[in-house]
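Okay, structure coming up:
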């Protein structure tokens, strides 16, 4: 298959990052962290990603709305918010990472 | 751009390594369960069948629990990777079938119908080794068919027990212990292979 000019790949990359739910680095970071673990506590994500609770909550709501994660409560010493990856979330994250990698290697 | 490429490669490597570590855990759980059994029965003069029955029922329950925990994580990694499972249910059913077939052949047919003139203990040992080799080989074929993946690391887990089968008739005493050690060795080699390849992936 003939390769495209690098300008076209750059445009494709910009479109991918602009339009995809995972185009935001925080949301991508959330999915990459949860993927091998299946789930994570809200508190864990705050520490790993170094963002404010409000910011994290907003990103999690976006991911939940897109069907990438499920947000629930677990009861340990006190109720804690648990974020679980969905099948769709795992698949889309893998696909996004592959597309991103393929485009970057074409540039 | 170069930094981003590197980051993506590192992410990919970590996800692959995580998958291999989970697979290693699965086999190691079984090594712990098996060797614990030998530790318990070692000091006993006779082994009551009730102890064996209760232990292995509990052991399978513990193994099933750990397998379900590990499988939840592994299945997400498979979904994210290029190698997707056709259907998770069919995959699970195929794995279960390999263990059931292994159990029927190894624990029922072999001890009953093995034609060679060997002691009942030796027939049991051959049956046990057949059970493990058939079951794990079934898992190996399942991964090849559903995940389009050759799990090379799994090979010692079925090959070492299979190779031990012809040695059993040559052993005078302790055939079940020998069989147990053969399975433990095969599984330990598989765990080593997974861990080695996980670190190799991380570079």
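Protein chains in written order, with our numbering: chain C, 24 to 130; chain V, 1365 to 1567.
Here a beta-carbon is modelled for each residue, glycine too, at the ideal position from N, C-alpha and C.
List the endpoints of the continuous alpha helix (DSSP H) containing residue 1525 of chain V.
For residue 1525 of chain V, the enclosing alpha helix (DSSP H) has its first and last residue at 1519-1528.
Near residue 1426 of chain V, which residues of its chain fall below 8 Å by C-beta distance, leaving aside the five closest residues on each side in sequence?
Cβ neighbours of residue 1426 of chain V within its own chain (closer than 8 Å, five residues either side excluded): 1393, 1397.
Rounded to a whole number of angstroms, what is the C-alpha to C-alpha distance between residue 1430 of chain V and residue 1399 of chain V?
Whole-angstrom Cα-Cα distance: 17 Å.
What's the C-alpha gap between residue 45 of chain C and residue 1512 of chain V?
Distance between the alpha carbons of residue 45 of chain C and residue 1512 of chain V: 28 Å.
Here's a check: name, in chain order, each residue in its chain whose Cβ is nearer than 6 Å to the Cβ of residue 1474 of chain V, leaving out the five neighbours to either side.
These residues qualify, in order along the chain: 1490, 1491, 1494.
Chain C contacts from the segment 1366-1382 of chain V (Cβ-Cβ distance under 8 Å):
Going along the segment 1366-1382 of chain V in chain order, one finds 1368, 1369, 1372, 1373, 1375, 1376, 1378, 1379, 1382 with a Cβ nearer than 8 Å to chain C.
Distance check for residue 1468 of chain V and residue 1554 of chain V, CA to CA, integer angstroms please.
Cα to Cα, the separation comes out at about 24 Å.
Measure the CB-CB distance between residue 1419 of chain V and residue 1544 of chain V and report whether it falls below 7 Å.
With respect to the 7 Å criterion, residue 1419 of chain V and residue 1544 of chain V are not classified as neighbours on the basis of their beta carbons.
So residue 36 of chain C and residue 126 of chain C are in contact, right, with Cβ under 8 Å, and what is the actual spacing, rounded?
Residue 36 of chain C to residue 126 of chain C, Cβ: 5 Å. Contact.
Contacting residues, own chain, Cβ-Cβ under 8 Å from residue 1437 of chain V (five flanking each side not counted)
Around residue 1437 of chain V: 1382, 1386.
Using 7 Å as the limit for Cβ to Cβ distance, is residue 1445 of chain V near chain C?
Yes, because at least one Cβ of chain C sits closer than 7 Å to the Cβ of residue 1445 of chain V.
Which residues in the same chain as residue 84 of chain C place their Cβ atom closer than 7 Å to its Cβ, once the five residues preceding and following it in sequence are excluded?
Closer than 7 Å at Cβ, skipping near neighbours: no residue.
How about residue 117 of chain C: is its C-beta nearer than 7 Å to some C-beta of chain V?
Yes, because at least one Cβ of chain V sits closer than 7 Å to the Cβ of residue 117 of chain C.
Quick one: residues in its chain with C-beta nearer than 7 Å to the C-beta of residue 1521 of chain V, no 5 flanking neighbours on either side, listed in chain order?
Non-local C-beta neighbours of residue 1521 of chain V in its own chain, meaning closer than 7 Å and more than five positions away in sequence, comprise 1391, 1500, 1550, 1551, 1554, ordered along the chain.
Contacts that residue 1436 of chain V makes with chain C (C-beta to C-beta distance below 8 Å)
Those within 8 Å of residue 1436 of chain V in chain C are 61.
At a CB distance below 7 Å, what residues from the segment 83-115 of chain C approach chain V? Give them in sequence order.
From the segment 83-115 of chain C, only 108, 110, 113, 114 have a Cβ closer than 7 Å to chain V.
Would you verify that the beta carbon of residue 79 of chain C is, or is not, closer than 7 Å to some beta carbon of chain V?
No, because no Cβ of chain V sits closer than 7 Å to the Cβ of residue 79 of chain C.
List the residues of chain A that residue 1441 of chain V touches, going by C-beta distances under 8 Å, in chain order.
Annotation note: the requested chain A is absent from the structure, which comprises protein chains C and V.
Beta-carbon of residue 39 of chain C versus every beta-carbon of chain V: anything under 7 Å?
No, residue 39 of chain C lies away from the interface with chain V (no Cβ there is under 7 Å from its Cβ).
Return the first residue and the last residue of the beta strand (DSSP E) that residue 93 of chain C is part of.
For residue 93 of chain C, the enclosing beta strand (DSSP E) stretches over residues 92-98.
Would you mind stating whether residue 1412 of chain V and residue 1482 of chain V have Cβ atoms separated by less than 7 Å?
No.
Do you know how far the Cα of residue 1463 of chain V is from the Cα of residue 1368 of chain V?
Distance between the alpha carbons of residue 1368 of chain V and residue 1463 of chain V: 44 Å.
Who does residue 63 of chain C pair with in a DSSP beta bridge?
Beta-bridge pairing links residue 63 of chain C to C/106.
Starting from residue 130 of chain C, find everything on chain V with Cβ-Cβ shorter than 7 Å and list it in chain order.
The answer, in chain order, is 1365.
Count the other CB atoms, across all protein chains shown, that sit within 10 Å of the CB of residue 53 of chain C; report buried if there are 16 or more and exposed otherwise.
Burial call: buried.
Please work out which residues of its chain come closer than 6 Å, Cβ to Cβ, to residue 1466 of chain V, disregarding the five sequence neighbours upstream and downstream, and give them in chain order.
Its chain contains 1495, 1498, 1499 as the residues whose beta carbon lies nearer than 6 Å to that of residue 1466 of chain V, once the 5 sequence neighbours on both sides are disregarded; these appear in chain order.
Got a sec? Which residues, its chain only, sit under 7 Å from residue 1548 of chain V by beta carbon, not counting five neighbours each side?
1395, 1398, 1399.
Just verifying my parser: in three-state terms, what is the DSSP assignment at residue 41 of chain C?
If DSSP states are grouped into helix, strand and coil, residue 41 of chain C belongs with the helices.
Proximity test, Cβ basis, 7 Å: residue 53 of chain C and chain V
Closer than 7 Å: no.
Chain V contact for residue 69 of chain C (CB, 7 Å cutoff)
Answer no: the Cβ-Cβ gap between residue 69 of chain C and chain V never drops below 7 Å.
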